[in-house]
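**Q**
Protein chains: 2
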Amino acid sequence: MSVLGLDLGGTKLAAALFNEEGRILHRVVKRVAGRKGADVARLIADLIKDYMSLVGKGNEVASIGISVPGISYQATRKVWAPNIPGWTDYPLYDEVGDAAGDIPIVIDSDRSCYILGEVWKGNAAGCRDAIFLGVGTGIGAGIMINGEVLRGSHDIAGAIGWMALDRPFSKKYVGCGCFEYHASGEGIPRVAREFLKGNSRYNGVLRNIAPEKITTHEVFKAFDEEDPIAIKVINQSIEFWGMAAANLVSLLNPEKIIFGGGVFGPAKRLVPMIKEEASKWSQPVGINQVIFDVSALGGDAGIYGAGYLALRRIGI
Amino acid sequence: MSVLGLDLGGTKLAAALFNEEGRILHRVVKRVAGRKGADVARLIADLIKDYMSLVGKGNEVASIGISVPGISYQATRKVWAPNIPGWTDYPLYDEVGDAAGDIPIVIDSDRSCYILGEVWKGNAAGCRDAIFLGVGTGIGAGIMINGEVLRGSHDIAGAIGWMALDRPFSKKYVGCGCFEYHASGEGIPRVAREFLKGNSRYNGVLRNIAPEKITTHEVFKAFDEEDPIAIKVINQSIEFWGMAAANLVSLLNPEKIIFGGGVFGPAKRLVPMIKEEASKWSQPVGINQVIFDVSALGGDAGIYGAGYLALRRIGI
Numbered sequence: 001m002s003v004l005g006l007d008l009g010g011t012k013l014a015a016a017l018f019n020e021e022g023r024i025l026h027r028v029v030k031r032v033a034g035r036k037g038a039d040v041a042r043l044i045a046d047l048i049k050d051y052m053s054l055v056g057k058g059n060e061v062a063s064i065g066i067s068v069p070g071i072s073y074q075a076t077r078k079v080w081a082p083n084i085p086g087w088t089d090y091p092l093y094d095e096v097g098d099a100a101g102d103i104p105i106v107i108d109s110d111r112s113c114y115i116l117g118e119v120w121k122g123n124a125a126g127c128r129d130a131i132f133l134g135v136g137t138g139i140g141a142g143i144m145i146n147g148e149v150l151r152g153s154h155d156i157a158g159a160i161g162w163m164a165l166d167r168p169f170s171k172k173y174v175g176c177g178c179f180e181y182h183a184s185g186e187g188i189p190r191v192a193r194e195f196l197k198g199n200s201r202y203n204g205v206l207r208n209i210a211p212e213k214i215t216t217h218e219v220f221k222a223f224d225e226e227d228p229i230a231i232k233v234i235n236q237s238i239e240f241w242g243m244a245a246a247n248l249v250s251l252l253n254p255e256k257i258i259f260g261g262g263v264f265g266p267a268k269r270l271v272p273m274i275k276e277e278a279s280k281w282s283q284p285v286g287i288n289q290v291i292f293d294v295s296a297l298g299g300d301a302g303i304y305g306a307g308y309l310a311l312r313r314i315g316i
Numbered sequence: 317m318s319v320l321g322l323d324l325g326g327t328k329l330a331a332a333l334f335n336e337e338g339r340i341l342h343r344v345v346k347r348v349a350g351r352k353g354a355d356v357a358r359l360i361a362d363l364i365k366d367y368m369s370l371v372g373k374g375n376e377v378a379s380i381g382i383s384v385p386g387i388s389y390q391a392t393r394k395v396w397a398p399n400i401p402g403w404t405d406y407p408l409y410d411e412v413g414d415a416a417g418d419i420p421i422v423i424d425s426d427r428s429c430y431i432l433g434e435v436w437k438g439n440a441a442g443c444r445d446a447i448f449l450g451v452g453t454g455i456g457a458g459i460m461i462n463g464e465v466l467r468g469s470h471d472i473a474g475a476i477g478w479m480a481l482d483r484p485f486s487k488k489y490v491g492c493g494c495f496e497y498h499a500s501g502e503g504i505p506r507v508a509r510e511f512l513k514g515n516s517r518y519n520g521v522l523r524n525i526a527p528e529k530i531t532t533h534e535v536f537k538a539f540d541e542e543d544p545i546a547i548k549v550i551n552q553s554i555e556f557w558g559m560a561a562a563n564l565v566s567l568l569n570p571e572k573i574i575f576g577g578g579v580f581g582p583a584k585r586l587v588p589m590i591k592e593e594a595s596k597w598s599q600p601v602g603i604n605q606v607i608f609d610v611s612a613l614g615g616d617a618g619i620y621g622a623g624y625l626a627l628r629r630i631g632i
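Residue numbers (the numbering used here), protein chains in the order written: chain D, 1 to 316; chain G, 317 to 632.
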């Protein structure tokens with residue numbers, strides 16, 4: 001018996017066939033970029049069919065999990081994915097169901113899959129209360145509570161990029177949220193640009209880059225060269241990440257918080273400093289009951305999560 | 317059949333006998349103040365015995381729920397209650413178990429009971445994802461997720477008084493947390509005193525009170541008289557309550573947030589303004605899926621919650 005996990009992103013679709021123990025038997029990546037709406041669903045359906053004909057006797061696909069870059073609505077079985085044109089309320093379940101025949105399909109959001117992946121095969125293995133704090137272009141959280149992924153009343157729980165951390169409210173936060181404004185992959189260069197604007201006497205390495213070309217990568221590179229603006233930007237990011245993590249600890253009392261996404265990455269080494277900042281703010285008992293760690297699975301967290309979705313669906 | 321709910325506070329112990337529909341058949345209040353440790357457990361045990369002999373045939377107590385002003389540890393069956401001297405890790409379950417004989421007892425924290433009470437018979441009736449935001453001397457939250465009360469990994473979830481909302485960190489927050497420092501029943505007069513200190517030209521009604529005697533009640537009275545310092549204090553409280561509520565919405569996507577505790581109370585009328593503040597910060601879809609309301613049960617939320625604890629224990 002095997003299960004199939006599919007991880008859909010804005011640019012690629014990754015698929016992996018897992019055995020029951022979670023070992024990858026086969027994997028493949030398809031290009032998504034340029035496709036839209038029903039084309040993307042067809043790509044998924046074709047890949048499902050490929051895998052179903054690929055596997056031999058005794059190794060049949062027992063269930064399929066799909067991670068989507070957005071929201072999966074349980075009641076309507078539709079999905080919202082801002083990076084797939086035409087997927088504002090798209091009937092993905094219905095569109096790929098025929099390809100799978102009688103085999104059950106489960107669809108969930110990428111952030112749900114990230115924490116599932118880490119709980120199954122990553123740094124939250126065995127946890128029942130754990131959080132994946134994903135910091136990439138945007139910020140989102142996959143939250144596991146007592147062994148179940150938190151959905152909320154309408155499937156949009158975990159929108160932690162909107163966390164209010166810095167009063168008073170500023171119009172800058174409209175459209176992305178306060179936390180994401182300051183401390184995401186888009187936020188870090190944005191803050192750097194703001195600091196550069198406010199400091200005409202600074203003449204360091206970030207001055208050599210056109211402001212609109214500054215990236216998180218450049219900021220970390222400058223940070224490594226002890227550039228004062230980069231240090232200020234990263235220190236402020238640590239403050240925001242620490243406050244947000246502290247709020248998760250005080251509110252949810254988790255066993256683990258896993259930092260992942262593209263920014264962790266270069267920010268991996270900052271986790272001890274983030275814990276130190278969080279320790280100032282958090283409920284003081286809960287902070288000693290939680291471990292801060294980074295993703296063990298990196299870019300594979302979604303596909304492992306999709307595999308675990310599939311496996312959980314058939315009660316294994 | 318009936319169930320018994322007991323609500324222990326720092327100064328009194330309330331008990332109520334409920335029928336299956338949640339109607340109160342009998343209730344009583346006992347004084348706790350001055351007692352400590354085992355004396356308080358004895359008071360509870362005696363009250364349980366009283367009720368068991370009180371009820372007639374066909375009306376037997378089928379289960380007992382107890383709300384404690386602190387934490388109830390599920391694994392050890394011990395409790396922590398800072399206002400009961402000697403209850404730092406107290407074996408309450410073992411101490412009152414004999415009085416109940418074969419009848420099951422469930423013990424939970426007051427904040428868990430508040431949301432259970434509101435879900436059973438209050439303004440969150442029928443909700444599966446709802447939050448009780450209790451603002452009294454301190455601030456805590458009872459959080460229901462998909463029909464179950466959130467416990468966290470070590471039973472201390474809901475410590476929302478520690479929410480980080482105002483950077484940078486200040487040493488003032490040690491011991492109570494940032495949110496509680498600013499916007500609790502102790503925080504409101506504290507902020508008023510700070511504003512008074514920083515405004516020597518102010519000569520309004522709050523100057524007529526010795527600073528250490530200012531209470532939340534006095535601040536609201538001055539607010540009603542359009543006193544400028546009181547307005548500033550209350551507006552800042554609205555900002556903090558709105559930010560905290562927004563964070564609950566973005567993170568947990570609840571159906572309802574119920575504002576309760578002593579401060580709501582006088583702050584009841586502010587709920588529309590709190591919602592307005594929260595709307596600025598929150599994930600924009602989730603804020604339209606949530607209703608902000610006040611406690612329907614007021615001081616009875618705990619006893620209703622204890623009754624519902626008991627009823628849920630026997631699967632009704």
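Heads up, the beta-carbon is just placed ideally off N, CA and C, and yes, glycines get one too.
1) Taking 8 Å as the CB-CB cut-off, is G602 (chain G) touching chain D?
2) Could you tell me whether the Cβ atoms of A164 (chain D) and M559 (chain G) are closer together than 8 Å?
3) Relative to the C-alpha of I143 (chain D), which candidate in D:I258, D:M1 and D:G265 has its C-alpha closest?
4) Would you give the residue range spanned by the beta strand (DSSP E) that A318 (chain D) belongs to?
5) Taking the C-alpha atoms as reference points, what is the distance between A16 (chain D) and I238 (chain D)?
6) Please state whether the Cβ-Cβ distance between C178 (chain D) and W396 (chain G) is less than 8 Å.
7) How far does the alpha helix (DSSP H) with A99 (chain D) in it reach, from first residue to last?
8) Is the shortest distance between the beta-carbon of Q283 (chain D) and the beta-carbons of chain G less than 8 Å?
9) Output, in chain order, the set of chain G residues within a Cβ distance shorter than 9 Å of W162 (chain D).
10) Could you pull out every unbroken alpha helix (DSSP H) segment of at least 4 residues lying fully inside the stretch 255 to 289 of chain D, listed in chain order?
11) Would G300 (chain D) be called buried (16 or more neighbouring beta carbons within 10 Å of its own) or exposed?
12) My assumption, with CB atoms under 8 Å, is that A622 (chain G) sits in contact with D355 (chain G). Please give the rounded CB distance.
13) Tell me D293 (chain D)'s beta-bridge partners as DSSP assigns them.
14) Give me the chain D residues within the contact set of Q390 (chain G), using Cβ-Cβ distance strictly less than 7 Å, ordered along the chain.
15) For E496 (chain G), count neighbouring C-beta atoms within 10 Å of its own C-beta (all shown protein chains included) and say buried if the count is 16 or more, exposed if not.
16) For A15 (chain D), which beta-bridge partners are listed by DSSP?
17) Got a sec? Which residues, its chain only, sit under 7 Å from L116 (chain D) by beta carbon, not counting five neighbours each side?
18) Expressed to the nearest angstrom, what Euclidean distance is found between the alpha-carbon atoms of G472 (chain G) and H342 (chain G)?
19) Just list the residues that DSSP pairs D482 (chain G) with in beta bridges.
20) Going by DSSP, what residues sit across from I619 (chain G) in a beta bridge?
21) For H470 (chain G), which residues in chain D fall below 7 Å Cβ to Cβ?
22) Could you say which of D:V32, D:E194 and D:A296 lies nearest to G265 (chain D) if we only look at CA atoms?
23) What are the boundary residues of the alpha helix (DSSP H) that V356 (chain G) is part of?
24) Measuring straight from C-alpha to C-alpha, what distance separates K394 (chain G) and I287 (chain D)?
25) Going by beta-carbon coordinates alone, are I400 (chain G) and Y409 (chain G) separated by less than 8 Å?
26) Would you grab the beta carbon distance between I229 (chain D) and A183 (chain D) for me? Rounded to a whole angstrom, and I think it's under 8 Å.
27) Over the uninterrupted alpha helix (DSSP H) stretch that includes M559 (chain G), give me the two end residues.
28) Is the distance from the Cβ of R111 (chain D) to the Cβ of F132 (chain D) below 8 Å?
29) Can you tell me whether S388 (chain G) is buried or exposed, with buried defined as 16 or more other CB within 10 angstroms of its CB?
30) Hey, does I461 (chain G) have any beta-carbon neighbour from chain D nearer than 8 Å?
31) Is the CB of F634 (chain G) under 8 Å away from at least one CB in chain D?
32) If you reduce the DSSP assignment to three classes, tell me which class V79 (chain D) lands in.
33) Comparing the C-beta of L481 (chain G) with each C-beta of chain D, is any distance below 8 Å?
34) Note down, in chain order, every chain G residue with its Cβ under 7 Å from the Cβ of F169 (chain D).
35) Measuring only the C-alpha atoms, how far is T404 (chain G) from C429 (chain G)?
36) From the beta carbon of M273 (chain D), is the nearest beta carbon of chain G less than 8 Å away?
**A** Here's the rundown:
1) yes
2) yes
3) D:I258
4) Nothing can be reported for residue 318 (chain D): it is not among the residues displayed for chain D, which extend from 1 to 316.
5) 35 Å
6) no
7) L92 to A100
8) yes
9) A562, N563, V565, S566, L567, W597, S598, Q599, P600 and G602
10) 271 to 281
11) With the sequence shown as reference, residue 300 (chain D) is identified as Asp, and Gly is not the correct amino acid for it. Buried, by the Cβ-count rule.
12) Contact flag wrong, Cβ pair sits at about 20 Å.
13) Beta-bridge pairing links D293 (chain D) to D:I258.
14) Those within 7 Å of Q390 (chain G) in chain D number zero; the least Cβ separation is about 11 Å.
15) buried
16) D:L6 and D:V28
17) V149, G305, Y308 and L309
18) One point to set straight first is that residue 472 (chain G) is Ile, not Gly, in the sequence displayed. Distance between the alpha carbons of I472 (chain G) and H342 (chain G): 32 Å.
19) D:D166
20) By DSSP's assignment, I619 (chain G) forms no beta bridge with any residue.
21) Ordered by position in chain D, the residues that pass the 7 Å Cβ test against H470 (chain G) are N253 and Q289.
22) D:A296
23) Unbroken alpha helix (DSSP H) run through V356 (chain G): G353 to L370.
24) Between K394 (chain G) and I287 (chain D), the C-alpha separation is close to 21 Å.
25) no
26) Going by Cβ atoms, the distance from I229 (chain D) to A183 (chain D) rounds to 16 Å, so no, they are not a contact pair.
27) P544 to L568
28) yes
29) buried
30) Any Cβ of chain D closer than 8 Å to the Cβ of I461 (chain G) would place that residue at the interface, and such an atom is present.
31) Because residue 634 (chain G) is not part of the residues shown, which for chain G are 317 to 632, the question remains open.
32) strand
33) yes
34) K596 and W597
35) 20 Å
36) no
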